[in-house]
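Per UniProt numbering, the sequence shown runs over residues 1 to 256.
Where a beta carbon is used, it is the ideal one built from N, C-alpha and C, also for glycine.
Beneath this line is the structure, given in structure tokens, with notes to follow.
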Amino acid sequence: MKLVLGIDIGSTAVKGVLYGGEALEWGLAPTGWSPRDAGEAMIAELLRRRGLDKSDLGALISTGYGRRALTAATKQVTEITCHARGAHELCPQARTVLDIGGQDSKVIRLDERGGVVDFAMNDKCAAGTGRFFQVLSHALDYDVEAFGAVPADGPSEPLSSMCTVFAESEVIGNLARGVPRENIVRGLLKSIASRSAGMLARVGMKPPLFFSGGLSRSPSLRAFLEKELDCPVQVHEKSQFAGALGAALIGWGAIV
Numbered sequence: 001m002k003l004v005l006g007i008d009i010g011s012t013a014v015k016g017v018l019y020g021g022e023a024l025e026w027g028l029a030p031t032g033w034s035p036r037d038a039g040e041a042m043i044a045e046l047l048r049r050r051g052l053d054k055s056d057l058g059a060l061i062s063t064g065y066g067r068r069a070l071t072a073a074t075k076q077v078t079e080i081t082c083h084a085r086g087a088h089e090l091c092p093q094a095r096t097v098l099d100i101g102g103q104d105s106k107v108i109r110l111d112e113r114g115g116v117v118d119f120a121m122n123d124k125c126a127a128g129t130g131r132f133f134q135v136l137s138h139a140l141d142y143d144v145e146a147f148g149a150v151p152a153d154g155p156s157e158p159l160s161s162m163c164t165v166f167a168e169s170e171v172i173g174n175l176a177r178g179v180p181r182e183n184i185v186r187g188l189l190k191s192i193a194s195r196s197a198g199m200l201a202r203v204g205m206k207p208p209l210f211f212s213g214g215l216s217r218s219p220s221l222r223a224f225l226e227k228e229l230d231c232p233v234q235v236h237e238k239s240q241f242a243g244a245l246g247a248a249l250i251g252w253g254a255i256v
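What follows is the structure in structure tokens.
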């Protein structure tokens with residue numbers, strides 16, 4: 001039986017899933033300056049782990065912002081379709097998906113079979129995305145991972161702008177005034193939760209809500225989302241791989 005590979009080439013990270021009736025290998029690496037090279041390197045790495053080559057693949061599905069750069073792909077599928085399919089696999093009861101990636105964020109409403117009912121995307125600016133976190137963590141001299149460890153309970157410093165450039169200036173100004181870093185971080189997380197709630201309202205959010213993308217690893221952001229939305233937010237240890245898993249499942253469905 002042939003295997004399939006799903007490759008999600010994001011602006012910040014490339015994710016890969018080798019699939020053969022079940023997920024056999026998972027891979028995560030920085031995208032770097034060349035989406036094509038990053039995608040090819042991920043393919044080679046996942047196949048190497050199993051002692052395979054491309055001839056062992058029945059399908060190679062690419063998705064993400066860099067999906068068209070991967071010329072080796074047998075099919076290119078949109079992020080919305082792949083994230084919906086992957087989210088449904090990871091959290092079958094989910095009716096809405098919130099995905100916050102490196103440069104964009106998206107919300108998807110699902111039916112009971114994981115089909116897309118409606119969706120909305122913010123791909124025009126980096127506000128509230130992974131890139132937003134990277135810039136502001138640098139301004140705060142804070143490791144990005146440390147954002148997730150900041151307790152949600154406690155005072156927060158309001159953020160007046162979600163524009164990455166203006167927010168960075170505001171953060172620097174707050175630090176100069178002596179505002180504690182944790183208060184600033186809580187203000188940032190609260191602003192992202194509020195912005196996400198607005199996007200979710202556009203598609204008529206229905207619980208349960210599944211949170212995917214790299215920022216789903218932040219317990220603090222999840223807590224702020226739950227406060228803002230007044231409902232539980234579901235995550236999975238493989239939430240960041242929803243797009244790649246969805247691509248792999250679509251490929252698998254095409255060959256079996």
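Considering Cα atoms alone, identify which of the options is closest to residue i.
i: LYS15; options: ASP118, SER239, ALA72, LYS190; result: SER239
i: PHE147; options: LEU57, GLU168, ALA72, LEU221; result: LEU221
i: ALA87; options: PHE211, ASP230, SER218, CYS231; result: PHE211
i: GLY21; options: GLY198, LEU3, VAL203, GLY173; result: LEU3
i: LYS227; options: VAL203, SER194, LEU200; result: SER194
i: GLY243; options: ARG68, GLY101, GLY253; result: GLY101
i: THR31; options: HIS83, GLN103, VAL116, MET199; result: GLN103
i: ASN122; options: GLN134, PHE132, VAL107, GLY114; result: VAL107
i: GLU89; options: PHE119, VAL135, GLY66, ALA23; result: ALA23
Who are the near neighbours of residue i in its chain, counting only those whose CB is closer than 8 Å to its CB and skipping five residues on each side?
i: LEU140; result: VAL171, LEU175, ARG181, ILE184, VAL185
i: SER218; result: PHE147, GLY148, LEU189
i: LEU200; result: THR96, LEU98, VAL107, LEU209, LEU229
Any idea what DSSP makes of residue i, helix, strand or coil?
i: PRO158; result: coil
i: THR78; result: coil
i: LYS54; result: helix
i: GLY39; result: helix
i: THR63; result: strand
i: THR96; result: strand
i: LEU70; result: coil
i: ALA152; result: coil
i: GLU182; result: helix
Under 8 Å by Cβ, that's how I've got residue i and residue j pegged, so tell me the actual separation to the nearest angstrom.
i: PRO35; j: ILE9; result: 5 Å
i: SER196; j: SER105; result: 7 Å
i: GLY214; j: ALA13; result: 7 Å
i: LEU70; j: LEU5; result: The Cβ separation is near 10 Å, so there is no contact.
Who are the near neighbours of residue i in its chain, counting only those whose CB is closer than 6 Å to its CB and skipping five residues on each side?
i: GLY27; result: GLY16, MET42, GLU45, LEU46
i: PRO155; result: ASN183
i: VAL235; result: PHE211, SER216
Mind checking who residue i pairs with in its DSSP beta bridge?
i: ALA13; result: PRO30
i: SER212; result: ASP99
CB-CB under 7 Å to residue i, same chain, minus the five flanking residues each way: which ones, in chain order?
i: ARG95; result: ARG109, LEU110, LYS206, PRO207, PRO208
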